[in-house]
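In the working numbering, the protein residues as written are 613 to 999.
We put the CB at the ideal spot given by N, CA and C, even for glycine.
Contents: one structure, followed by commentary.
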Ligand code: GLA
């Protein structure tokens, strides 16, 4: 995985594979979520940042004489080139990493086929499977290039939604909007407080006295179907019972913990909904703590979020708990929690900026994690069109 310069790697890969230059290059960031976990799909609030790690897509249309194919190569998957007739991809016949690319191309093209074949090459510094949204970075970089190749200019919010549809329909993951939204809309040096009902945001400045340390457990999750979809279904069932007893509620974010007392909610669904309701309140409080620079309060809220994900939502695991506990006991850490979908992946810590280097070194020296890095909030995905 080229962590240094994915842009030049993607362009070189494109040129060596297709023997001509790309006409468009897009760079899309991964993300880390500060707080607001598993509540984008319950109509809650989330507060992610884009990280300074990116996926780059270099692309062009195939020559006019070429076949009508989607051809895609990735430095991360040298043995899995994608080669699909465009007709097949509109029908959704693709698998593996190609499903994300095919899904996005299909969403961007709509019901019409691109006029010529589409050639794409990818390189990335976003670790795959670590819960840092490598799939959204892949989707968003693909969408920006494909839209440019099709001569379309779409607002970033539309791009985010098209990428989410691709993930639902082609990759089979019923995700919320957070990952694609932050990759498309991130503001440098800011977190985004995203309202997942109106799909709008406000920027929350991150002052330089704090920064974020991200540590990977090394246990990599497969964010697919099973557990994720089950959590979502649990929340929907609990909401349906609450709506039945106490109309009108639009989403769990309008509910209070007392609503969980309505009859008929399954005990497991009740725990899941308790997380969804309590996490919403924590995101609102965390935003205020960041605005007021009350770091120990923000840290407490992050720890509470972790406990709720561990105990009520049951998406943590021993590796995440151990790493979060270790960070929470480390001087200079305001608060740490699991981040992303869970079952593995990364812990995020809000740390005092002057201690960040030392904290990263300590974690590495203790063998607590093999991938530890700090990041300031990065900017949104961007497109360059080349001559
Ligand atoms: C994944 C999904 C997001 C979100 C998180 C959990 O990253 O893609 O939509 O639900 O899990 O917060």
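- Residue nearest to residue 820 within the set 989, 648, 974 and 887 is 989 (criterion: CA-CA distance).
- As computed with DSSP, residue 824 is found in a beta bridge with 962 and 987.
- Counting every other CB atom within 10 Å of its CB across the protein chains shown gives residue 618 a total of 16 or more, marking it as buried.
- When Cβ pairs closer than 8 angstroms are counted between the two stretches, the segment 636-648 is seen to touch the segment 893-901, the count reaching three or more.
- Minimum Cα-Cα distance from residue 787 among the listed residues 839, 798 and 796 corresponds to 839.
- Counting the other Cβ atoms within 10 Å of the Cβ of residue 823 gives 16 or more, which makes it buried.
- For the pair residue 817 and residue 826, the Cα-to-Cα distance works out to about 19 angstroms.
- Placement of the Cβ of residue 914 at a distance of 6 angstroms or more from every heavy atom of the ligand GLA is found.
- Put simply, of 852, 992, 844 and 981 the residue whose alpha carbon is nearest the alpha carbon of residue 958 is 981.
- Taken atom to atom, the span from the alpha-carbon of residue 943 to that of residue 828 is near 19 angstroms.
- Contact check between the segment 628-639 and the segment 777-793: fewer than three CB pairs, one atom from each, fall below 8 angstroms, which does not count as touching.
- By the CB criterion at 7 angstroms, residue 695 and residue 683 fall inside the cutoff.
- A direct Cα-to-Cα measurement between residue 758 and residue 720 gives close to 7 angstroms.
- The ligand GLA never approaches residue 803 closely enough for any of its heavy atoms to be under 6 angstroms from the residue's Cβ.
- A heavy atom of the ligand GLA is found nearer than 6 angstroms to the CB of residue 791.
- Looking from the CA of residue 857, the closest CA among 730, 965 and 871 belongs to 871.
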